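**Q** Following the numbering used here, the numbering of the sequence shown begins with 527 at its first residue and continues without gaps.
Glycine included, C-beta positions come from ideal geometry on N, C-alpha and C.
The structure displayed is predicted, hence computed values, not measured ones.
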Amino acid sequence: MTIRGSIDELTPLGASGWSYDDLAMEPLLVQALLDGAVIGETIADLNRPDLADAGLGDGRCGFRIDFAGAIDPAQLAFITVKPAGGDVELPRTNLTGFVDAFRALRARLPGAGWTRSLLGGLWTDRVDARQRLAGRVAVGTVAPETAVPVGRLIESGFALLQGALAPAGLEARAAEAAARLPGGPLAPRGNLDSADLLAGLPGLLFRDAPLALLRAAFDDNPLVCRVELARGTTGFVQPSTAEPLPSPAECLALVAGIGEGRLLLDIIRDSHALPEFTPAGESRWLAGVPATVALAGAAGASVETLALGETDLAVIGPGTVYRLRVPEGMTGLLALATPNRQTPLRFLRGEGGEVTLRHESGASLVL
Numbered sequence: 527m528t529i530r531g532s533i534d535e536l537t538p539l540g541a542s543g544w545s546y547d548d549l550a551m552e553p554l555l556v557q558a559l560l561d562g563a564v565i566g567e568t569i570a571d572l573n574r575p576d577l578a579d580a581g582l583g584d585g586r587c588g589f590r591i592d593f594a595g596a597i598d599p600a601q602l603a604f605i606t607v608k609p610a611g612g613d614v615e616l617p618r619t620n621l622t623g624f625v626d627a628f629r630a631l632r633a634r635l636p637g638a639g640w641t642r643s644l645l646g647g648l649w650t651d652r653v654d655a656r657q658r659l660a661g662r663v664a665v666g667t668v669a670p671e672t673a674v675p676v677g678r679l680i681e682s683g684f685a686l687l688q689g690a691l692a693p694a695g696l697e698a699r700a701a702e703a704a705a706r707l708p709g710g711p712l713a714p715r716g717n718l719d720s721a722d723l724l725a726g727l728p729g730l731l732f733r734d735a736p737l738a739l740l741r742a743a744f745d746d747n748p749l750v751c752r753v754e755l756a757r758g759t760t761g762f763v764q765p766s767t768a769e770p771l772p773s774p775a776e777c778l779a780l781v782a783g784i785g786e787g788r789l790l791l792d793i794i795r796d797s798h799a800l801p802e803f804t805p806a807g808e809s810r811w812l813a814g815v816p817a818t819v820a821l822a823g824a825a826g827a828s829v830e831t832l833a834l835g836e837t838d839l840a841v842i843g844p845g846t847v848y849r850l851r852v853p854e855g856m857t858g859l860l861a862l863a864t865p866n867r868q869t870p871l872r873f874l875r876g877e878g879g880e881v882t883l884r885h886e887s888g889a890s891l892v893l
């Protein structure tokens, strides 16, 4: 017996999909089970022209099972559908049932320390992050002065460190080099201007205030693995999708302005706290900015604008959506930082990771 099929939809009231056996003379009887008990069954004989076009007989192999009673959404992840008398479990399409199950669990247990993403992430993105921060301050692992910007990162999804790069921003030679370089990702082995800018970045990004915040959020030394230069108005971006990482929800973006003027930073308010999944079942932490913007639009979100001078630095959480508006004569600097314990996936493929600059603090820049 060669059985193929899938569960295309799973709700508290029923399941639908298809099941086909190219050797069977009759349509299959399929059963839905929960904890070993049959909660519904039907014959897989619904007409599905799409399956006929795919070469699955005459296409009459679809099914819709109505459960005997409504199922607790938290139990959907544990429902199996299989042909009667067999042990072949039909696979699910995407995250069928799991999204509803996790939503139900989170609603039922609001005090649990959920991360905002099923991918895990930083402790600052846990729903109990405020309590954890208070505990860390109490035992001395986070200094009181660092707790203030960490608290803003938790509550708003970003923290603006005003004057963190004082008395001056990037030193003059590196700033002049940045002005001559084109926009886009910084090439680690470009020209002399690239070398001058790279040499000045550790001393800029790893100053006391930003370094303390990064260490507190990461529980590790920071590793900057991507640097970009921006001019004009950029599109909206989200740190978790900027670079393929083993743990995409463990990163922070650093934004600074190089040169005289005021760089404008537009942030979609509370975008770090939007629901994780799109209606299609995709995690917005991986699906990209359009998915997050669509969720923000449905939630009626608004945009907050910050003005950064050359001595200011913004730290942006992994799920926060933002864009830059860089005035003429100024250059926007975007850096992606991750805990030193993880390595960007492209480095593992031999793409980058050739240039390493270590700061005296233990932080590093690797491109």
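Going by beta carbon distance, what residues of the same chain come within less than 8 Å of residue 566, once the five residues before and after it are set aside?
**A** Position 40 of the sequence shown, counted from the start, is the residue given in the question as residue 566. Around residue 566: 540, 541, 557, 558, 591, 592, 593, 594.
**Q** Can you list, in chain order, the stretches of the alpha helix (DSSP H) that have 4 or more residues and sit fully within the segment 550-608?
**A** The qualifying runs are 575-579.
**Q** Output needed for residue 672: all residues of its chain with C-beta closer than 7 Å, excluding positions within five of it in sequence on either side, in chain order.
**A** Here residue 672 refers to the residue found at position 146 when the sequence shown is read from its first residue. So the list reads 738, 739, 742, once near-sequence residues are dropped.
**Q** Could you check which residue in 763, 774, 612 has the C-alpha nearest to that of residue 781?
**A** Against the sequence shown, residue 781 aligns to sequence position 255. Considering only alpha carbons, the answer is 763.
**Q** Check whether the Cβ atoms of residue 651 and residue 642 sit closer than 7 Å, and answer yes or no.
**A** Walking along the sequence shown from the start, residue 651 turns up at place 125. Walking along the sequence shown from the start, residue 642 turns up at place 116. In this structure, residue 642 lies closer than 7 Å to residue 651 by Cβ.
**Q** Do the segment 685-702 and the segment 711-730 touch if we need at least three Cβ pairs shorter than 8 Å?
**A** Taking 8 Å as the limit for Cβ pairs, the verdict is that the segment 711-730 does touch the segment 685-702.
**Q** Taking the CB atoms as reference points, tell me whether residue 811 and residue 691 lie closer together than 7 Å.
**A** As a position in the sequence shown, residue 811 is number 285, starting the count at 1. As a position in the sequence shown, residue 691 is number 165, starting the count at 1. It is not a contact, given that the beta carbons lie outside the stated cut-off.
**Q** If you check the beta carbons only, do residue 544 and residue 586 fall under 7 Å apart?
**A** On the sequence shown, residue 544 is found 18 positions in, with the first residue counted as 1. On the sequence shown, residue 586 is found 60 positions in, with the first residue counted as 1. Contact: no.
**Q** Does the distance from the C-beta atom of residue 777 to that of residue 862 stay below 7 Å?
**A** The residue you call residue 777 lines up with position 251 of the sequence shown. The residue you call residue 862 lines up with position 336 of the sequence shown. Yes; because the gap between Cβ atoms is below 7 Å, this pair is in contact.
**Q** If you draw a straight line from the alpha carbon of residue 874 to that of residue 831, how long is it in whole angstroms?
**A** The residue you call residue 874 lines up with position 348 of the sequence shown. The residue you call residue 831 lines up with position 305 of the sequence shown. Those two C-alpha atoms are separated by around 37 Å.
**Q** Since residue 716 contacts residue 846 with CB under 8 Å, what's their CB separation in whole angstroms?
**A** In the sequence shown, counting from the first residue as 1, residue 716 sits at position 190. In the sequence shown, counting from the first residue as 1, residue 846 sits at position 320. The Cβ separation is near 30 Å, so there is no contact.
**Q** Per DSSP, residue 754 is paired with what?
**A** Residue 754 sits at position 228 when you count from the first residue of the sequence shown. 711, 860, per the DSSP bridge assignment.
**Q** Going along the chain, which residues of its own chain have a beta-carbon closer than 7 Å to the beta-carbon of residue 656, five neighbours each way excluded?
**A** For the purposes of this step, residue 656 is taken as the residue at position 130 of the sequence shown. These residues qualify, in order along the chain: 680.
**Q** Considering just the uninterrupted stretch of the beta strand (DSSP E) at residue 547, what are its terminal residues?
**A** Your numbering for residue 547 matches position 21 in the sequence shown. 540-547 is the span of the beta strand (DSSP E), which, as asked, contains residue 547.
**Q** Expressed to the nearest angstrom, what Euclidean distance is found between the alpha-carbon atoms of residue 736 and residue 579?
**A** By one-based count along the sequence shown, residue 736 stands at place 210. By one-based count along the sequence shown, residue 579 stands at place 53. About 58 Å.
**Q** Taking residue 872 as the reference, give the member of 788, 843, 772 with the closest Cα.
**A** Position 346 of the sequence shown holds residue 872. Measuring from the Cα of residue 872, the nearest candidate turns out to be 772.
**Q** In terms of alpha-carbon separation, which member of 857, 534, 842 lies closest to residue 836?
**A** Residue mapping note: residue 836 aligns to position 310 of the sequence shown, counting from 1. Residue 857 is the option with its Cα nearest to residue 836.
**Q** Is it buried or exposed, residue 817, if we count other Cβ atoms within 10 angstroms and call 16 or more buried?
**A** In the sequence shown, the residue the question calls residue 817 occupies position 291. Result: buried.
**Q** Near residue 588, what residues of its chain come up, given a Cβ to Cβ distance below 6 Å and the 5 sequence neighbours on each side ignored?
**A** Indexing the sequence shown from 1 puts residue 588 at position 62. Cβ neighbours of residue 588 beyond the five flanking positions: 544, 572, 574.
**Q** Hey, would you say residue 706 sits closer than 7 Å to residue 852, going by beta carbons?
**A** Your numbering for residue 706 matches position 180 in the sequence shown. Your numbering for residue 852 matches position 326 in the sequence shown. Against a cut-off of 7 Å, the Cβ pair of residue 852 and residue 706 comes out as no contact.
**Q** For residue 647, count neighbouring Cβ atoms within 10 angstroms of its own Cβ and tell me buried if that reaches 16, exposed if not.
**A** As a working mapping, residue 647 is identified with position 121 in the sequence shown. It is buried - the Cβ of residue 647 has at least 16 other Cβ atoms within 10 Å.
**Q** Going by the beta-carbon positions, is the gap between residue 748 and residue 881 smaller than 7 Å?
**A** For the purposes of this step, residue 748 is taken as residue 222 along the sequence shown, with counting starting at 1. For the purposes of this step, residue 881 is taken as residue 355 along the sequence shown, with counting starting at 1. No. Outside cutoff.
**Q** Just to confirm my understanding: we take residue 670, look at its own chain, exclude 5 residues before and 5 after, and list those with CB closer than 8 Å. What are they?
**A** The residue you call residue 670 lines up with position 144 of the sequence shown. Taken in chain order, the residues that qualify are 663.
**Q** With distances taken between CB atoms, is the gap from residue 507 to residue 779 smaller than 7 Å?
**A** Only positions 527 to 893 of the chain appear in this structure, which leaves residue 507 out of reach.
**Q** Please report how far the alpha carbon of residue 827 lies from the alpha carbon of residue 765, in whole angstroms.
**A** Reading the sequence shown from its first residue, position 301 is the one you call residue 827. Reading the sequence shown from its first residue, position 239 is the one you call residue 765. Going by the C-alpha atoms only, they are around 19 Å apart.
**Q** Alpha carbon to alpha carbon, what distance is there between residue 800 and residue 808?
**A** Against the sequence shown, residue 808 aligns to sequence position 282. Against the sequence shown, residue 800 aligns to sequence position 274. Their Cα atoms are separated by approximately 13 Å.
**Q** I'd like the list of long-range same chain contacts for residue 687, defined as Cβ closer than 8 Å, with 5 residues on each side in sequence excluded.
**A** Against the sequence shown, residue 687 aligns to sequence position 161. So the list reads 675, 735, 736, 739, 838, 839, 840, 841, once near-sequence residues are dropped.
**Q** Only counting the same chain, and skipping five residues up and downstream in sequence, which positions put a Cβ closer than 6 Å to that of residue 730?
**A** Numbered from 1 along the sequence shown, position 204 holds the residue referred to as residue 730. Cβ neighbours of residue 730 beyond the five flanking positions: 696.
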